[in-house]
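Residue numbering for the sequence shown follows our numbering, starting at 653 and increasing by one per position. Every residue, glycine too, gets a C-beta built ideally from N, C-alpha and C. What follows is one structure encoded as C-alpha cells, with my remarks underneath.
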Amino acid sequence: MTDLNFADFYAATFGPLTAQLHAFIGDHGEAQDVVQEAFCRAYARWPAVSRYDNPVSWVRRVAWNLAISRWRGARRLLKWRRDLLPPAVPDPSDADQDLVRALAGLTANHRQAVVLHYLAGFSVREIAQFTGVAEGTVKSWLSRGRAALQARLGISDGEVSNA
Numbered sequence: 653m654t655d656l657n658f659a660d661f662y663a664a665t666f667g668p669l670t671a672q673l674h675a676f677i678g679d680h681g682e683a684q685d686v687v688q689e690a691f692c693r694a695y696a697r698w699p700a701v702s703r704y705d706n707p708v709s710w711v712r713r714v715a716w717n718l719a720i721s722r723w724r725g726a727r728r729l730l731k732w733r734r735d736l737l738p739p740a741v742p743d744p745s746d747a748d749q750d751l752v753r754a755l756a757g758l759t760a761n762h763r764q765a766v767v768l769h770y771l772a773g774f775s776v777r778e779i780a781q782f783t784g785v786a787e788g789t790v791k792s793w794l795s796r797g798r799a800a801l802q803a804r805l806g807i808s809d810g811e812v813s814n815a
C-alpha cells in the first residue's frame, strides 16, 4: 500500500468516519472537526500511515481519541463552571415585587437611603459617608422614605418598627 494516494484515501473515508463520529458526538459539525483533525494528523505522517495494513483504522482511532478528549474537556469545563458559579438566586416573591414597586415610587435619595439602611445594613453614618451628606439629612431621608413606603404598602405605624 505504499502507493496509496492521500486524496483518494481521504475522499473514500471521510464520509463514513464522519457518520460514525456524528452518531457518537451528536453534532455533525463537531464530528467533521474531529475527523478533519485526525486526517490532518494522518497527512503529516502520511509516508508511515500509508504503509499500515489498515490506515483508516489509525485515522478512526485518532478521531475517536479526539472526540473523547473533547468530551472530557467539556465535562470538566461544566464541572468548573458549576463550581465557580454562585448558587441560583430564587425568583422574587410577590412581597418582594410589591416592595420593589413601592420603592420605585420614592425619590432617588429616599430610595437609596432605605435600601442601604434596611437591605444592605448600612448605619446612618455609613450612608452619610457613602452619599456625601450630613447624618441629619440621612435621618430625614429614612423617616420620609419609611412614611412613604407605609402609605404605598398600606401599613400602619404599629406594624413598622423604626430602626
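Item checked: Through-space distance from Gln749 to Phe774, alpha-carbon basis -> Indexing the sequence shown from 1 puts residue 774 at position 122. Indexing the sequence shown from 1 puts residue 749 at position 97. The straight-line gap from Cα to Cα measures roughly 22 Å.
Item checked: Helix, strand or coil at Leu702 [DSSP, three-state] -> Counting from 1 along the sequence shown, the entry for residue 702 is found at position 50. The question names Leu, yet the displayed sequence has Ser at residue 702. It is coil, neither helix nor strand.
Next item on the list: Would you mind listing the alpha helix (DSSP H) stretches within the stretch 722–778 that are 4+ residues and don't spill past its ends, in chain order?
Entry: 746–756, 760–766
Check: Between Ala719 and Val766, is the Cβ-Cβ spacing less than 8 Å?
Finding: Locating residue 719 in the sequence shown gives position 67, where the first residue counts as 1. Locating residue 766 in the sequence shown gives position 114, where the first residue counts as 1. Not in contact: Ala719 and Val766 (Cβ atoms no closer than 8 Å).
Check: Would DSSP call Asn657 helix, strand or coil?
Finding: Counting from one through the sequence shown, the residue named residue 657 turns up at place 5. Coil.
Notebook entry, point to check: Between Phe691 and Arg724, what straight-line distance do the alpha-carbon atoms span, to the nearest angstrom?
Noted result: On the sequence shown, position 39 is the one that residue 691 refers to. On the sequence shown, position 72 is the one that residue 724 refers to. Approximately 21 Å between the Cα atoms of the pair.
Note to self: In this structure, how does DSSP classify Ala719 when only helix, strand and coil are distinguished?
What the structure shows: As a working mapping, residue 719 is identified with position 67 in the sequence shown. Correct three-state label for Ala719: helix.
Item checked: Spatial distance of Ala696 from Tyr704 (CA atoms) -> The count along the sequence shown starts at 1 and reaches residue 696 at position 44. The count along the sequence shown starts at 1 and reaches residue 704 at position 52. The alpha-carbon atoms of Ala696 and Tyr704 are separated by roughly 15 Å.
Next item on the list: Count the other CB atoms, across all protein chains shown, that sit within 10 Å of the CB of Thr670; report buried if there are 16 or more and exposed otherwise.
Entry: On the sequence shown, position 18 is the one that residue 670 refers to. So Thr670 counts as buried.
Checklist line | Spatially closest choice to Ala760 from Arg796, Trp710, Gln781, Tyr662, by CA coordinates | finding: Residue mapping note: residue 760 aligns to position 108 of the sequence shown, counting from 1. Out of Arg796, Trp710, Gln781, Tyr662, Arg796 has the C-alpha closest to the C-alpha of Ala760.
Next item on the list: Just mark Ala683 as buried or exposed, buried being the case when its beta carbon has 16 or more other beta carbons within 10 Å.
Entry: Residue 683 sits at position 31 when you count from the first residue of the sequence shown. Result: buried.
Note to self: With H, G and I counted as helix, E and B as strand and the rest as coil, what does DSSP make of Gly797?
What the structure shows: What you label residue 797 is simply residue 145 of the sequence shown in a count that begins at 1. Of the three classes helix, strand and coil, the one that applies to Gly797 here is helix, per DSSP.
Next item on the list: Using a threshold of 8 Å, state whether the C-beta atoms of Trp710 and Ala694 are closer than that.
Entry: The residue you call residue 710 lines up with position 58 of the sequence shown. The residue you call residue 694 lines up with position 42 of the sequence shown. Contact: yes.
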